[in-house]
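Taken in sequence, the protein lines are chains A and B.
So the first sequence is numbered by our numbering: it starts at 330 and just counts up by one.
So the second sequence is numbered by our numbering: it starts at 95 and just counts up by one.
Below is one structure; the comments refer to it alone.
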Amino acid sequence: EADIYQTPRYLVIGTGKKITLECSQTMGHDKMYWYQQDPGMELHLIHYSYGVNSTEKGDLSSESTVSRIRTEHFPLTLESARPSHTSQYLCASSWDSQETQYFGPGTRLLVL
Amino acid sequence: SQKIEQNSEALNIQEGKTATLTCNYTNYSPAYLQWYRQDPGRGPVFLLLIRENEKEKRKERLKVTFDTTLKQSLFHITASQPADSATYLCALGGFSGGYNKLIFGAGTRLAVHP
């Protein structure tokens, strides 16, 4: 079991609210990622980070933002949630020189 | 266009049989290919990685093949068990760009019946 944690696991929230999805890993990995996954569909990369103070947008356009102030922490923020943001959000991390990604359990978000 | 194809229909097999899942891709040139297992409501878990210069990789009851000419990978689970029931994702990686970019297929759901 990978040491990567996500909170909350489930979140139901109203339109227009600001939310932050938390992701922490205790493995000392440099690289971290956020994916979005709808049921039965592929994972799509929305953000990634090489290390502290490094963040980049992924392949899928997203209205969310991320920060990387500490190695172990990579939170994702939605300033104003909309129903189109309803999805599962998965956080992952990897060693700098290795290709395997370790995933957290995910946050299932429902925006009403 | 670039595409990864995994069988969208669930694969149903009897316990003890070998399950074979397929991953086909077009217009990609990955340096390696990975297979992950995903259980409902959970994140994917890494199973195996195979590089472009490797034909086959094994780990316990798992075997992966990689044919870069056919642009296809086959994932085998021998002596399958009900506990192997899950969705299996293939992911292509090793592209240029500097980060560990992985491109995932949508996965194939495997159901192993007692």
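Heads up, the beta-carbon is just placed ideally off N, CA and C, and yes, glycines get one too.
Please read these numbers as outputs of a predicted model, since none were measured by experiment.
- request: Within the same chain, show all residues whose beta-carbon is closer than 7 Å to that of A173 of chain B, passing over the 5 residues directly before and after it, in chain order.
  value: Closer than 7 Å at the Cβ level, and outside the excluded window around A173 of chain B, lie G110, R155.
query: With distances taken from CA atoms, which of A:T344, A:D359, A:K347 is nearest F403 of chain A?
result: Nearest of A:T344, A:D359, A:K347 to F403 of chain A, Cα basis: A:D359.
- prompt: So what does T349 of chain A bridge to, in DSSP terms?
  reply: In the DSSP secondary-structure assignment, T349 of chain A is bridged to A:T406.
message: Using the three-state DSSP reduction, which class does D178 of chain B fall into: helix, strand or coil?
response: In the structure shown, D178 of chain B sits in a helix (DSSP, three-state: H, G or I).
- request: In the DSSP assignment, find the unbroken beta strand (DSSP E) run with L51 of chain B in it and report its ends.
  value: Because chain B is modelled from 95 through 208, residue 51 of chain B falls outside the range shown and cannot be assessed.
task: Measure the alpha-carbon distance for A410 of chain A versus S416 of chain A and round it to whole angstroms.
output: Looking at the two C-alpha atoms, the distance is approximately 12 Å.
field: Closer than 8 Å at the beta carbon, the chain A residues around Y126 of chain B
entry: The contacting residues are E428.
query: Under a CB-based cut-off of 8 Å, is F198 of chain B close to chain A?
result: Judged by the 8 Å Cβ criterion, F198 of chain B is in contact with chain A.
- request: Would you kindly check if the distance between the Cβ of Y182 of chain B and the Cβ of R131 of chain B is under 8 Å?
  value: Yes, the pair counts as a contact, with Cβ atoms nearer than the cut-off.
task: Determine the extent of the beta strand (DSSP E) in which D161 of chain B is found, giving its start and end residues.
output: For D161 of chain B, the enclosing beta strand (DSSP E) starts and ends at 156 to 161.
Helix, strand or coil at H376 of chain A according to DSSP, with G and I counted as helix: Strand at H376 of chain A.
task: Under 8 Å between beta-carbons, which chain A residues line up against L143 of chain B? List them in chain order, please.
output: In chain order: E428, T429.
task: Verify whether the separation of the beta carbon atoms of A200 of chain B and G369 of chain A is less than 8 Å.
output: With respect to G369 of chain A, A200 of chain B sits close: the two C-beta atoms are nearer than 8 Å.
query: Just reading off the beta strand (DSSP E) that Q96 of chain B is part of, what are its end residues?
result: For Q96 of chain B, no beta strand (DSSP E) run applies, since DSSP gives it neither H nor E.
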